[in-house]
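Here our numbering is used: the first residue of the sequence shown is 4, the next is one more, and so on.
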Amino acid sequence: PKWPMIVLRSPKGWTGPKEVDGLKTEGFWRAHQVPLSGLAENPEHLRMLEEWMRSYRPQELFDAAGAPVAAIRATAPQGDRRMSAN
Numbered sequence: 004p005k006w007p008m009i010v011l012r013s014p015k016g017w018t019g020p021k022e023v024d025g026l027k028t029e030g031f032w033r034a035h036q037v038p039l040s041g042l043a044e045n046p047e048h049l050r051m052l053e054e055w056m057r058s059y060r061p062q063e064l065f066d067a068a069g070a071p072v073a074a075i076r077a078t079a080p081q082g083d084r085r086m087s088a089n
């Protein structure tokens with residue numbers, strides 16, 4: 004069977020902070036830059052980055068060794084079903 008490909012169009016920076024230092028980021032040119040810089044000097048930026056990264060819930064995706072959990076590995080196509088097997 005032919006498998007469909009799903010294309011999701013979303014604003015640039017959609018999952019990140021909506022604003023940084025009072026400046027719009029989502030859907031704006033700043034999303035194409037490094038939205039959070041100076042992490043060592045700016046604890047608020049570090050907090051925002053941590054919150055952003057934790058929003059992906061990595062503890063549900065990876066085991067203690069950092070490998071993908073079985074449920075994630077099970078979704079990977081096998082053999083000729085892989086996109087790179089063309």
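Even for Gly, the Cβ is constructed at its ideal location relative to N, Cα and C.
What are the partner residues of residue 65, as DSSP defines its beta bridges? On the sequence shown, residue 65 is found 62 positions in, with the first residue counted as 1. Answer is 71.
Just verifying my parser: in three-state terms, what is the DSSP assignment at residue 26? Here residue 26 refers to the residue found at position 23 when the sequence shown is read from its first residue. Correct three-state label for residue 26: strand.
Cβ separation of residue 51 and residue 20, assumed to be a contact under 8 Å, to the nearest whole Å: Along the sequence shown, one-based indexing puts residue 51 at 48. Along the sequence shown, one-based indexing puts residue 20 at 17. Going by Cβ atoms, the distance from residue 51 to residue 20 rounds to 5 Å, so yes, they are a contact pair.
What is the C-beta distance between residue 23 and residue 11, in whole angstroms, given that I count them as a contact (C-beta under 8 Å)? Within the sequence shown, the letter at position 20 stands for residue 23. Within the sequence shown, the letter at position 8 stands for residue 11. Actually they do not touch by this definition, with Cβ atoms about 24 Å apart.
Mind checking which residues open and close the alpha helix (DSSP H) that includes residue 56? Your numbering for residue 56 matches position 53 in the sequence shown. Its alpha helix (DSSP H) spans residues 46–57.
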